[in-house]
Amino acid sequence: MSETFTARIHLIFIAFFVFALILGGRLFFVQIVHGGSYKELADDQYVTPVANIFDRGNIFFQGKNGELVSAATVQTGYIIAIDPTRIKDADGVFEKISAITLIDRDGFFAKIAKTNDPYEEIARRVPKDEAYAIGDIGIVGVSVHKERWRFYPALRTAAHMLGFIGYKGDKQTGVYGLERYYNDILSRGEEGLYVNFFAELFSNITDSILKTDNSRAGDLVLTIEPKVQSVLEEALGQVKMDWSSESVGGIIMDPMTGAIYAMASLPDFDPNDFQYEKNTAVFSNPIVERVYEMGSIIKPLTMAAALDVGAVTAKTTYNDKGYVVLNSARISNFDGKARGVVPMQEVLNQSLNTGMVFVMQKMGPDIFSTYMKSYGIGVETGIELPNETHGLIDNLDSTRDIEHATAAFGQGIAMTPIETVRALSALGNGGYLPSPHLVDRVEYVRGDSKKTYPDPGARVLKKETSDEITRMLVTVVDKALLDGTVAMPHYSIAAKTGTAQIADLVNGGYYDDRYLHSFFGYFPAYNPRFIIFLYNVYPKDVKYASQTLTSPFIDMTKFLINYYEIPPDR
């Protein structure tokens, strides 16, 4: 009997212990996880809440030391509403409210004239202190309602990347950028925060505590560094203004990991006021949604392929006559001039189209096409942005030599900027294709976090090929780029410019006076921390990329070296 009694005591003790454990866990969940929300409820007891009040996860930029900076959040304010059927002294009500918060007089009296409508909003997004002051007056026919909305503190900064939210039916959802791509994580359900505290605490304890929480709700912490993003956007804005460009864009990325520090394109928009944009095409992100013929920045990819298979070396020579004829078509150097016998290094230094035709022919069109496809050209990168498209590379499958020849120097094939920077990264990172990404981690509401570990890319070049093409590109900067005047004596920089004719989509062929300028570079060249990619669409009264993009590239390079305190490498 005593043993049975003891066993019962033990069972009761265990039951109480389990209940206390569950209760403690539930208290932690309510007070810590949802504590801020309950505090708001307590704070707003007498303010009428809006049904199913809006909520959404946060998006954060991440400073170089790990500090978080708000990129997208939820802001709280109040709606002042009137019931025209109950207001007797319209002038008096207007005077009382307008003494506290700014309201439009004509709009107020137009709405108060709607005597058959019991609800008209006369002010929105009113600050808390003003809303409470109006509530304290207790005006008959005037009500105060809480509202929340999506807010982007940095305004236009990273607008294309962040996107914004809009309505799908009667629900708000992400419609562009990260807001759309991660909508399932950023969205918030309507349960849990607006029920009675004790009902939340004690009801369905076993269901809410003992069952596994499968919620995916969370906040995003990005790889974007806010200062670097600002510097990139300022530089792009200056380029667009200086050259009256149709559009400009750029990416700053870690070529080893694919982590993106900055990404931007202009023209852009303010996601807080997107409804005022007349041209909705501005919402699309050209970094991932548009393709361009990139021109001569593709030449290093062609040269690296030939180096990799042993078709040429840096010292291999050819006789440059200034032009070459293929399939009855004439291909010329940018200036039409012959150089005579020149080595492959000079092909890059002087950006010779005929030299790239020679290089393509030395390895053969089939090998050339195989390598270009291995760089990921024509394949989506998988970056966390909606509507990503892929490059147009049908010319690589052509049986005509002319198509492969023009592709060798970056014409006739088109690719997205994000595809391009991924491919170019392989030149400096040892020969791998990185996985470009914007999200460092997801911080889940349930308390845990998930770090982003992109799959390592495939090897597309030998390590020694990566080293050799890097050495050749460093020589381009040291000796050829603006005649070597921008070289930095203590830092090795690998870079190349590109100038491509823009296709005439109406009449066919190419414009004679419209160009796309491109520029890429990585540094420190033999163990790169950063790759910078820039493009400039249809700048006016200027022909070459070296004229429009060299200075912004060098300025950003110097900034990154100082900001991240990168030690000299030579």
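Sequential numbering of the sequence shown, starting at 129, is according to the working numbering. By construction, the Cβ of each residue, glycine as well, lies at the ideal position given by its N, Cα and C atoms.
*As assigned by DSSP and simplified to three states, the class of Lys501*: The answer is helix: DSSP assigns Lys501 an H, G or I state.
For Gly220, count neighbouring C-beta atoms within 10 Å of its own C-beta (all shown protein chains included) and say buried if the count is 16 or more, exposed if not. Gly220 counts as exposed, since fewer than 16 other C-beta atoms from the protein chains shown sit within 10 angstroms of its C-beta.
| task | Just grab the DSSP bridge partners of Glu126 for me. | result | Only positions 129 to 698 of the chain appear in the structure, and residue 126 is not among them; the question remains open.
*With a 10 Å radius around its C-beta and 16 neighbouring C-beta atoms as the bar for buried, classify Gln403 as buried or exposed.*
Residue environment for Gln403: exposed (fewer than 16 other C-beta atoms within 10 angstroms of its C-beta).
Would Lys624 be called buried (16 or more neighbouring beta carbons within 10 Å of its own) or exposed? Counting other Cβ atoms within 10 Å of its Cβ, Lys624 reaches 16 or more and is therefore classed as buried.
query: The alpha helix (DSSP H) spanning Ile225 covers which residue range?
result: That run of the alpha helix (DSSP H) goes 218-226.
**Study point:** Pair within 9 Å by beta-carbon distance, Phe188 and Val197
**Key:** Taking C-beta atoms as the reference points, Phe188 and Val197 count as a pair closer than 9 Å.
### Message
Going by the DSSP bridge assignment, what does Pro471 pair with across the sheet?
### Response
DSSP lists Thr445 as the beta-bridge partner residues of Pro471.
Worksheet item: Smallest Cα separation from His565: which of Ile225, Ala387, His532, Arg458?
Response: Looking from the CA of His565, the closest CA among Ile225, Ala387, His532, Arg458 belongs to Ala387.
Can you check which of these residues, Asn690, Leu662, Asp697, Thr685, is closest to Gly365 by C-alpha distance?
Nearest neighbour of Gly365 by Cα position, chosen from Asn690, Leu662, Asp697, Thr685, turns out to be Leu662.
| task | Spatial neighbours of Phe681 within its chain, please: CB distance less than 8 Å, with the 5 preceding and 5 following residues excluded, ordered by chain position. | result | Close CB contacts of Phe681 within its chain, under the 8 Å cut and outside five residues either way in sequence, are with Ala623, Phe647, Gly649, Ile660, Leu662 (chain order).
Short Cβ contact (9 Å threshold) for Thr534 with Asn523: A contact, by the Cβ cut-off of 9 Å.
- prompt: Which residue comes first and which comes last in the alpha helix (DSSP H) that contains Lys239?
  reply: Following the DSSP letters along the chain, one finds Lys239 inside the alpha helix (DSSP H) bounded by residues 233-240.
Open item on the list: If I measure Cβ to Cβ from Pro582 and keep anything under 7 Å in the same chain, skipping five residues before and after, which residues do I get?
Closed with: Closer than 7 Å at Cβ, skipping near neighbours: Gly386, Ser563, His565.
Check your understanding: Any chance the stretch 418-435 sits against the stretch 475-492, with 3 or more Cβ pairs inside 8 Å?
Key -> Result yes; three or more Cβ-Cβ pairs closer than 8 Å.
Checking the sheet assignment: what are the DSSP bridge partners for Ala390? In DSSP, Ala390 forms a bridge with Ile380.
query = Taking Cβ positions, are Arg253 and Tyr309 nearer each other than 9 Å?
reply = No, these two residues do not count as a Cβ contact at 9 Å.
**Prompt:** Does the beta-carbon distance from Ile210 to Tyr247 come in below 9 Å?
**Reply:** In this structure, Ile210 lies near Tyr247, with their beta-carbon atoms less than 9 Å apart.
- Tell me whether Lys671 counts as near the ligand GDP, meaning its Cβ is closer than 8 Å to at least one heavy atom of that ligand. Ligands displayed in this structure: none; no statement on the ligand GDP is therefore possible.
Beta-carbon separation (whole angstroms), Tyr451 vs Ile459, contact threshold 8 Å:
Taking 8 Å as the upper bound for CB-CB distance, Tyr451 and Ile459 are in contact here, some 6 Å apart.
**Asked** Taking buried to mean at least 16 other C-beta atoms within 10 Å of its own C-beta, is Leu688 buried or exposed?
**Response** Residue burial is scored here from C-beta neighbours: Leu688 has at least 16 other C-beta atoms within 10 angstroms and is therefore classed as buried.
Q) Can Gly110 and Lys355 be called in contact, C-beta distance under 9 Å? A) With the chain represented from 129 up to 698, any question about residue 110 goes unanswered, as that position is not in the structure.
Looking at Ala432 and Ser594, is the spacing between their C-beta atoms short of 9 Å? Contact annotation: Ser594 and Ala432 have beta-carbon atoms nearer than 9 Å.
Here's a check: name, in chain order, each residue in its chain whose Cβ is nearer than 6 Å to the Cβ of Asn631, leaving out the five neighbours to either side.
The amino acid at residue 631 is misidentified as Asn; the sequence shows Ala. Around Ala631, the same chain offers Tyr638 as residues with beta carbons nearer than 6 Å, after the five sequence neighbours per side are excluded.
Helix, strand or coil: how does DSSP classify Ala409 here?
Correct three-state label for Ala409: helix.
Beta strand (DSSP E) segments (min. 3 residues) lying fully within the stretch 510-594:
Listed in chain order, the complete beta strand (DSSP E) runs (minimum 3 residues) inside the stretch 510-594 are 567-572, 577-579.
Item checked: Gly626 beta carbon less than 9 Å from that of Gly423 -> Gly423 places its beta carbon less than 9 Å from that of Gly626.
| Excluding sequence positions up to five away, which residues of its chain have a Cβ less than 6 Å from the Cβ of Asp347? | Hits under 6 Å: Gly185, Asn186, Glu571.
*asked:* Considering only their Cβ atoms, is the gap separating Leu609 from Pro383 smaller than 9 Å?
replied: The Cβ atoms of Pro383 and Leu609 lie no closer than 9 Å to each other.
**Item:** Distance between Ile228 and Asn545 (C-alpha atoms, nearest Å)
**Value:** Looking at the sequence itself, residue 545 is Pro, so the reference to Asn does not match. Here the alpha carbons of Ile228 and Pro545 stand approximately 51 Å from one another.
Exercise. Nearest CA to the CA of Gly291: which residue from Lys239, Pro514, Arg233?
Worked result: Nearest option by C-alpha distance: Pro514.
Exercise for the section: Counting only the same chain and skipping the five closest in sequence on each side, list residues whose C-beta sits under 7 Å from that of Ile265. Expected result: The residues are Lys224.
For this session: Pick out whichever of Ala615, Ile379, Lys216 has its Cα sitting closest to the Cα of Phe658.
Result: Nearest C-alpha to Phe658 among Ala615, Ile379, Lys216: Ile379.
Which residues in the same chain as Phe182 place their Cβ atom closer than 6 Å to its Cβ, once the five residues preceding and following it in sequence are excluded? For Phe182, where only same-chain residues beyond five positions count, the Cβ hits under 6 Å are Arg276.
Query raised in the report: Between Asp683 and the rest of its own chain, which residues show a CB-CB distance below 7 Å, the 5 nearest in sequence each way excluded?
Result: Hits under 7 Å: Ala363.
inquiry  = Can you give me the C-alpha to C-alpha distance between Val670 and Asn664, rounded to a whole angstrom?
reply    = If I take the Cα positions, the gap works out to 11 Å.
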